[in-house]
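A.B. asks: Protein chains in written order, with our numbering: chain A, 1 to 109; chain B, 110 to 461; chain C, 462 to 737. A virtual CB, placed ideally from N, CA and C, is assigned to each residue, including glycine. Quick caveat: nothing in here was measured; it's all calculated off a predicted structure. Before I ask anything, let me first share the structure, which is written out below as structure tokens.
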Amino acid sequence: MAEISFPLPDLGEGLIEATVLDWLVEPGQQVERNQPIVELETSKSALELPSPQAGKVVRIHGAPGETINVGAPLIVFEVPDDTAGIVGTVPKDEAPKRRVRLSAVLDED
Amino acid sequence: MSETITEMPPVIPAAAGIQQLSMQQALNRALDEVLAQNPKTVIFGEDCGRLGGVFRITDGLQAKHGEDRVFDTPLAESGILGMSVGLAMAGFHPIPEVQFDGFAYPAINQIVCQIARMNYRSRGTLPMPITLRVPSFGGIRAPEHHGESLEALFAHVPGLKVVSPSNPHDAYHLLKYAATRPDPVIFMEPKSRYWQKGPVDLTPAAADTTAPDGGNLTGARVAREGRHLTLVAWGAMVSRCLQVAELAAEDGIDIEVLDLRWLKPIDAEALARSVAKTRRAVVVHEAPLTSGLGAEVAQLITQGCFDTLKAPVERVTGFDVPYPSGDLEDEYIPNIDRILFGIQRVLEYRRG
Amino acid sequence: MMTGRHTVEQQRHTVEGTDPGLFVEVHEPASDAGLRPVLLIHGFSSSSKLNWADSGWITTLQDAGRRVITVDLPGHGRSHSPEDLDSYTPSRIRADLLQIVTDAGARPLRDGDPSTGLDVIGYSLGSRLAWEFGATQPDLVHRIVLGGPSSADPLAAFDLAAAQRHLADGTPIEDQSTAGLLKMAQMLPSNNLFAMLSLIEAIKGEPFDPAEAAPHMPLLLVAGEKDERAATMPELASLAARRGGLVETLVIPGRTHTNVITSRAFKEAAIEFLGV
Numbered sequence: 001m002a003e004i005s006f007p008l009p010d011l012g013e014g015l016i017e018a019t020v021l022d023w024l025v026e027p028g029q030q031v032e033r034n035q036p037i038v039e040l041e042t043s044k045s046a047l048e049l050p051s052p053q054a055g056k057v058v059r060i061h062g063a064p065g066e067t068i069n070v071g072a073p074l075i076v077f078e079v080p081d082d083t084a085g086i087v088g089t090v091p092k093d094e095a096p097k098r099r100v101r102l103s104a105v106l107d108e109d
Numbered sequence: 110m111s112e113t114i115t116e117m118p119p120v121i122p123a124a125a126g127i128q129q130l131s132m133q134q135a136l137n138r139a140l141d142e143v144l145a146q147n148p149k150t151v152i153f154g155e156d157c158g159r160l161g162g163v164f165r166i167t168d169g170l171q172a173k174h175g176e177d178r179v180f181d182t183p184l185a186e187s188g189i190l191g192m193s194v195g196l197a198m199a200g201f202h203p204i205p206e207v208q209f210d211g212f213a214y215p216a217i218n219q220i221v222c223q224i225a226r227m228n229y230r231s232r233g234t235l236p237m238p239i240t241l242r243v244p245s246f247g248g249i250r251a252p253e254h255h256g257e258s259l260e261a262l263f264a265h266v267p268g269l270k271v272v273s274p275s276n277p278h279d280a281y282h283l284l285k286y287a288a289t290r291p292d293p294v295i296f297m298e299p300k301s302r303y304w305q306k307g308p309v310d311l312t313p314a315a316a317d318t319t320a321p322d323g324g325n326l327t328g329a330r331v332a333r334e335g336r337h338l339t340l341v342a343w344g345a346m347v348s349r350c351l352q353v354a355e356l357a358a359e360d361g362i363d364i365e366v367l368d369l370r371w372l373k374p375i376d377a378e379a380l381a382r383s384v385a386k387t388r389r390a391v392v393v394h395e396a397p398l399t400s401g402l403g404a405e406v407a408q409l410i411t412q413g414c415f416d417t418l419k420a421p422v423e424r425v426t427g428f429d430v431p432y433p434s435g436d437l438e439d440e441y442i443p444n445i446d447r448i449l450f451g452i453q454r455v456l457e458y459r460r461g
Numbered sequence: 462m463m464t465g466r467h468t469v470e471q472q473r474h475t476v477e478g479t480d481p482g483l484f485v486e487v488h489e490p491a492s493d494a495g496l497r498p499v500l501l502i503h504g505f506s507s508s509s510k511l512n513w514a515d516s517g518w519i520t521t522l523q524d525a526g527r528r529v530i531t532v533d534l535p536g537h538g539r540s541h542s543p544e545d546l547d548s549y550t551p552s553r554i555r556a557d558l559l560q561i562v563t564d565a566g567a568r569p570l571r572d573g574d575p576s577t578g579l580d581v582i583g584y585s586l587g588s589r590l591a592w593e594f595g596a597t598q599p600d601l602v603h604r605i606v607l608g609g610p611s612s613a614d615p616l617a618a619f620d621l622a623a624a625q626r627h628l629a630d631g632t633p634i635e636d637q638s639t640a641g642l643l644k645m646a647q648m649l650p651s652n653n654l655f656a657m658l659s660l661i662e663a664i665k666g667e668p669f670d671p672a673e674a675a676p677h678m679p680l681l682l683v684a685g686e687k688d689e690r691a692a693t694m695p696e697l698a699s700l701a702a703r704r705g706g707l708v709e710t711l712v713i714p715g716r717t718h719t720n721v722i723t724s725r726a727f728k729e730a731a732i733e734f735l736g737v
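The following block contains the structure:
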């Protein structure tokens with residue numbers, strides 16, 4: 001197993017930090033990609049952050065009321081070692097299947 | 110007739126220096142060693158630094174070698190390759206990464222008009238020692254732009270060398286070799302083979318890169334010997350062709366698999382040597398048929414073996430359509446049955 | 462304007478003769494619950510993206526099988542900032558909303574057909590518009606959720622002259638509410654300040670008078686416990702209750718006018734309230 005850490009992403013509009021309102025996931029929980037993981041408040045609005053990754057939550061950073069800077073650690077996931085990159089899936093090595101049979105008279109002339 | 114076949118476990122040589130590594134790990138290790146050996150090498154690309162690459166190929170390298178030598182770039186391939194030109198002019202050996210094959214298109218101007226011909230244009234005063242890593246080909250069910258086979262496009266450009274390893278051992282040695290060349294090398298990594306482990310002989314003797322011809326690092330490699338037909342492939346198609354060869358053996362057909370490895374220059378002698386023996390050839394690639402590298406391979410075989418060929422060289426390839434996204438991938442990439450059909454067509458061919 | 466073929470068929474209507482250039486999106490659910498569409502109306506100096514998308518409302522409603530219509534108010538989000546003041550008047554906005562939901566497929570309520578009618582969720586200024594929209598469209602609107610609602614109208618009390626002086630030469634604004642609202646409008650670089658002030662000027666011409674026309678359909682009023690702007694929510698609730706309709710209220714502990722919007726309890730209450 002490997003751990004992947006995600007920082008608080010750039011929230012746009014020149015924002016440099018956000019305050020945690022509520023975590024919607026907890027360590028040990030299996031989350032899907034795009035599942036909302038945390039409610040955050042910025043100086044301009046409140047928002048829900050979707051999970052950038054499917055995996056098991058290992059750690060979360062920031063209790064409700066605490067402020068996190070953009071770029072600082074937010075959440076850590078545990079993922080299998082053979083997890084693909086940001087897109088795609090790891091191909092499975094399966095036993096080859098065939099429908100075609102070969103037939104030939106190999107005249108060794 | 111009865112015969113007892115004792116199935117042997119795969120033999121992993123216990124010799125020192127041989128490790129079971131995935132291609133990811135092998136490439137990572139090669140880059141680590143290249144950085145340690147040559148202080149002029151720099152690695153950069155989208156997510157190459159802090160994240161360690163979306164395929165983990167540069168994992169840990171920034172922490173170990175510093176942010177000056179392994180770093181992230183903006184999402185602009187023209188900039189990544191443009192910067193490589195400048196760095197090469199300034200005496201560095203850049204090892205840029207284009208995160209996915211399809212992202213190379215925005216940098217075609219830099220690759221074709223600058224990197225490939227700067228040495229020629231400057232009469233040899235500005236060589237371009239650039240090793241461009243391109244995670245390539247399909248097989249991981251990725252969306253559009255994330256699975257392309259650009260070897261024919263790159264191979265057509267004078268000044269570029271193109272290589273694609275098919276296993277962890279070759280990946281390790283070919284990348285180290287490419288990263289010490291004075292010329293630009295397009296290093297096409299078969300992304301569907303990143304995760305499978307295989308033995309890698311890490312001893313320097315396994316690949317004598319100091320030999321003038323690169324030791325056993327140039328040219329093609331016979332991946333499996335056979336008598337009746339040669340399958341020519343590269344990248345991810347090599348392992349598929351090895352599977353096909355096993356299946357063909359059940360039908361009494363003994364197939365040789367030639368891993369081309371270098372797609373520019375192509376090892377014409379190895380092609381001729383193999384097909385002179387087997388007298389039949391099928392070339393397999395993921396890229397579309399028309400003007401694909403299979404045509405070049407077929408011509409080289411024909412030229413070398415015209416007198417003894419028993420059938421025209423067959424091509425089993427992708428179709429002349431845009432590389433489809435994940436759901437249609439199995440229909441597009443040559444599968445075992447399509448390759449077997451190609452073999453059957455060659456076997457059935459009769460002159461006259 | 463509709464946003465092209467990925468949402469619904471392009472509609473080119475003008476209401477009252479001019480095109481206010483409102484940005485509309487229709488968000489289809491993966492699995493339709495067969496209920497009427499939900500119109501979302503955002504607050505002052507916000508947008509459909511900030512108020513409803515980033516806060517998770519659109520996906521939550523879609524997950525509940527609801528078809529969602531969002532619209533950016535004039536001068537907000539991706540809508541145009543018309544020159545004419547008339548485009549910003551609440552009455553004109555209500556007329557535009559009616560045209561938009563009709564174009565998006567909302568049809569008058571028919572007994573026994575849960576796909577007819579329209580549910581509305583408003584927030585802050587959007588609650589004021591939803592209140593009036595419900596009161597004036599009883600044949601269309603089925604239920605309303607009002608977030609951060611107020612019986613008062615802070616925008617109508619806005620000191621426009623002081624704001625313009627402040628923008629011209631930096632003269633401090635005495636009125637705290639005016640200063641706060643202007644700061645809010647200036648905070649988003651994407652906001653068109655001229656349009657924000659036009660909207661305020663138009664609202665001053667048609668200030669909110671909740672007693673003048675109160676909706677009769679069931680209402681859910683929701684505010685954060687620390688929402689000072691919604692301190693008058695009980696007055697609105699009793700006003701609506703006197704009309705005889707079903708009125709429910711919900712106070713979310715610990716939340717303010719800014720941050721109640723992401724609250725799960727708010728979303729779950731709204732979905733349950735509208736899911737009939």
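List, in order along the chain, the chain A residues whose C-beta lies closer than 7 Å to that of G641/C?
C.D. replies: In the third sequence, the residue the question calls residue 641/C occupies position 180. Those do not exist, as G641/C stays about 13 Å from chain A at its closest Cβ, beyond 7 Å.
A.B. asks: Checking 7 Å against the spacing of the C-beta atoms, do S383/B and T339/B come in under that value?
C.D. replies: For the purposes of this step, residue 383/B is taken as residue 274 along the second sequence, with counting starting at 1. For the purposes of this step, residue 339/B is taken as residue 230 along the second sequence, with counting starting at 1. Result yes, Cβ atoms of S383/B and T339/B sit closer than 7 Å.
A.B. asks: According to a CB-to-CB cut-off of less than 7 Å, which residues of the region 240 to 258 of chain B neighbour chain A?
C.D. replies: Cβ contacts with chain A: G248, I249, R250, A251, P252 and H255.
A.B. asks: How big is the Cα-Cα spacing for D322/B and V25/A?
C.D. replies: Taking the second sequence and counting its residues from 1, one reaches residue 322/B at position 213. Taking the first sequence and counting its residues from 1, one reaches residue 25/A at position 25. Below a pLDDT of 50, predicted positions are generally treated as unreliable, and D322/B, at 49, falls in that range; no measurement from the model is reported.
A.B. asks: Quick one: residues in its chain with C-beta nearer than 8 Å to the C-beta of S506/C, no 5 flanking neighbours on either side, listed in chain order?
C.D. replies: Translated into the one-based positions of the third sequence, residue 506/C becomes position 45. Taken in chain order, the residues that qualify are H537, L642, M645, A646, M648, L649, N652 and M657.
A.B. asks: Compile a chain-ordered list of the residues in the region 362 to 381 of chain B whose CB is closer than 8 Å to at least one CB of chain A.
C.D. replies: So the list reads I362, given in the order they occur along the chain.
A.B. asks: My understanding is that V57/A touches V31/A, with C-beta atoms under 8 Å, so please give their C-beta distance in whole angstroms.
C.D. replies: As a first step, residue 57/A is located in the first sequence; it is residue number 57 there, counting from the start. As a first step, residue 31/A is located in the first sequence; it is residue number 31 there, counting from the start. Yes, V57/A and V31/A are in contact; Cβ-Cβ is about 6 Å, under 8 Å.
A.B. asks: According to the neighbour-count rule (16 or more other Cβ atoms, all chains shown, within 10 Å of its Cβ), is T479/C buried or exposed?
C.D. replies: For the purposes of this step, residue 479/C is taken as the residue at position 18 of the third sequence. Its Cβ having fewer than 16 others within 10 Å, T479/C is exposed.
A.B. asks: Would you tell me roughly how many angstroms separate the C-alpha atoms of M157/B and F180/B, rounded to the nearest one?
C.D. replies: As a position in the second sequence, residue 157/B is number 48, starting the count at 1. As a position in the second sequence, residue 180/B is number 71, starting the count at 1. According to the sequence shown, residue 157/B is Cys rather than Met. Cα to Cα, the separation comes out at about 6 Å.
A.B. asks: Using 7 Å as the limit for Cβ to Cβ distance, is G104/A near chain B?
C.D. replies: Within the first sequence, residue 104/A is the residue found at index 104, counting from 1. What sits at residue 104/A in the sequence shown is Ala, not Gly. At least one chain B Cβ lies under 7 Å of A104/A.
A.B. asks: Candidates P615/C, F594/C, A617/C and D564/C: which alpha carbon is nearest V606/C's?
C.D. replies: As a working note, residue 606/C is residue 145 in the third sequence. When each option's Cα is compared against that of V606/C, the closest is F594/C.
A.B. asks: Whose C-beta lies closer than 6 Å to the C-beta of M132/B among residues of the same chain, with five residues either side of it excluded?
C.D. replies: Taking the first residue of the second sequence as position 1, residue 132/B is located at position 23. Excluding residues within five positions, the ones whose Cβ falls inside 6 Å are P277, A280, R302 and Y303.
A.B. asks: Chain A beta carbons: is any one of them nearer than 7 Å to that of G578/C?
C.D. replies: Within the third sequence, numbered from 1, the residue matching residue 578/C stands at position 117. So, not an interface residue.
A.B. asks: At 4 residues or longer, what runs of the alpha helix (DSSP H) sit wholly inside the region 171 to 251 of chain B?
C.D. replies: Within the region 171 to 251 of chain B, the complete alpha helix (DSSP H) runs of at least 4 residues are 186 to 198 and 227 to 230.
A.B. asks: What's the gap between the Cα of L372/B and the Cα of S400/B?
C.D. replies: Taking the first residue of the second sequence as 1, we reach residue 372/B at position 263. Taking the first residue of the second sequence as 1, we reach residue 400/B at position 291. Taking the straight line joining both Cα atoms gives about 14 Å.
A.B. asks: Could you check if E155/B belongs to the surroundings of the ligand ATP, using beta carbon to heavy atom distance under 6 Å?
C.D. replies: Although the ligand ATP was asked about, the structure shown includes no ligands whatsoever.
A.B. asks: Is L47/A close to chain C, meaning its C-beta is less than 7 Å from at least one C-beta of that chain?
C.D. replies: Reading the first sequence from its first residue, position 47 is the one you call residue 47/A. Interface residue, yes.
A.B. asks: Beta-carbon of A88/A versus every beta-carbon of chain B: anything under 7 Å?
C.D. replies: Position 88 of the first sequence, counting from 1, holds the residue named residue 88/A. Here the sequence assigns Gly to residue 88/A, which means Ala is not the residue at that position. It does: the Cβ of G88/A has a partner Cβ on chain B nearer than 7 Å.
A.B. asks: My parser needs the beta strand (DSSP E) runs of 3 or more residues fully inside the region 551 to 590 of chain C; what are they?
C.D. replies: Qualifying beta strand (DSSP E) stretches, in chain order: 579 to 584.
A.B. asks: Quick check on Y432/B: buried or exposed, where buried means 16 or more other Cβ atoms within 10 Å of its Cβ?
C.D. replies: The sequence position of residue 432/B within the second sequence is 323, counting from 1. Buried.
A.B. asks: Cα separation between T19/A and F77/A?
C.D. replies: In the first sequence, counting from the first residue as 1, residue 19/A sits at position 19. In the first sequence, counting from the first residue as 1, residue 77/A sits at position 77. So the alpha carbons of these two residues sit roughly 21 Å apart.
A.B. asks: With 9 Å as the C-beta to C-beta threshold (strictly closer), list the residues of the region 21 to 38 of chain A near chain C in chain order.
C.D. replies: If the cut-off is 9 Å between Cβ atoms, the region 21 to 38 of chain A has L21, D22, L24, N34 and P36 near chain C.
A.B. asks: Between T521/C and E176/B, what straight-line distance do the alpha-carbon atoms span, to the nearest angstrom?
C.D. replies: Numbered from its first residue, the third sequence carries residue 521/C at position 60. Numbered from its first residue, the second sequence carries residue 176/B at position 67. If you take the alpha carbons of T521/C and E176/B, they lie about 42 Å apart.
A.B. asks: Looking only at DSSP bridge pairs, what is E457/B linked to?
C.D. replies: For this step, residue 457/B is matched to residue 348 along the second sequence. E457/B is not bridged to any residue.
A.B. asks: Would you kindly check if the distance between the Cβ of L501/C and the Cβ of R604/C is under 7 Å?
C.D. replies: Working through the third sequence from its first residue, we reach residue 604/C at position 143. Working through the third sequence from its first residue, we reach residue 501/C at position 40. Against a cut-off of 7 Å, the Cβ pair of L501/C and R604/C comes out as no contact.
A.B. asks: Go through the region 688 to 725 of chain C residue by residue and report every complete run of the alpha helix (DSSP H) that reaches 4 residues or more, in order.
C.D. replies: Listed in chain order, they are 694 to 703.
A.B. asks: Kindly confirm or deny that the region 284 to 302 of chain B and the region 244 to 263 of chain B touch, where touching means at least three C-beta pairs closer than 8 Å.
C.D. replies: A contact exists between the region 284 to 302 of chain B and the region 244 to 263 of chain B.
A.B. asks: Please decide whether I442/B counts as near chain A, where near means a Cβ-Cβ distance under 7 Å.
C.D. replies: What you label residue 442/B is simply residue 333 of the second sequence in a count that begins at 1. Cβ-Cβ to chain A under 7 Å: no for I442/B.
A.B. asks: Compute the beta-carbon to beta-carbon distance between A329/B and D363/B, rounded to the nearest angstrom, for a pair I have assumed lies under 8 Å.
C.D. replies: Here residue 329/B is taken as the residue at index 220 of the second sequence, counted from 1. Here residue 363/B is taken as the residue at index 254 of the second sequence, counted from 1. Actually they are not in contact, since the Cβ atoms of A329/B and D363/B sit about 19 Å apart, beyond 8 Å.
A.B. asks: Output yes if chain A places a C-beta closer than 7 Å to the C-beta of D446/B; else output no.
C.D. replies: To locate residue 446/B, count along the second sequence from 1; it is residue 337. Interface residue, yes.
A.B. asks: Assess contact between the region 3 to 19 of chain A and the region 87 to 96 of chain A, defined as three or more Cβ pairs (one per stretch) separated by less than 8 Å. Is contact present?
C.D. replies: Taking 8 Å as the limit for Cβ pairs, the verdict is that the region 87 to 96 of chain A does not touch the region 3 to 19 of chain A.
A.B. asks: Would DSSP call M297/B helix, strand or coil?
C.D. replies: Numbered from 1 along the second sequence, position 188 holds the residue referred to as residue 297/B. Looking at M297/B - three-state DSSP - the assignment turns out to be strand.
A.B. asks: How about G609/C and A698/C: do their beta carbons lie closer than 7 Å?
C.D. replies: Counting from 1 along the third sequence, the entry for residue 609/C is found at position 148. Counting from 1 along the third sequence, the entry for residue 698/C is found at position 237. Not a contact, by the Cβ cut-off of 7 Å.
A.B. asks: Determine, for F450/B, whether the minimum Cβ-Cβ distance to residues of chain A falls below 7 Å.
C.D. replies: Numbered from its first residue, the second sequence carries residue 450/B at position 341. Closer than 7 Å to some Cβ of chain A, the Cβ of F450/B qualifies, so yes.
A.B. asks: Once you ignore the five residues that flank Q129/B on each side, which residues in its own chain have a CB closer than 8 Å to its CB?
C.D. replies: Mapped onto the second sequence, residue 129/B falls at position 20. Closer than 8 Å at the Cβ level, and outside the excluded window around Q129/B, lie I121, K306, G307, P308 and V309.
A.B. asks: Would you kindly work out how many angstroms separate the C-alpha atoms of D620/C and W518/C, rounded to a whole number?
C.D. replies: As a first step, residue 620/C must be located in the third sequence, where it is residue number 159. As a first step, residue 518/C must be located in the third sequence, where it is residue number 57. If you take the alpha carbons of D620/C and W518/C, they lie about 33 Å apart.
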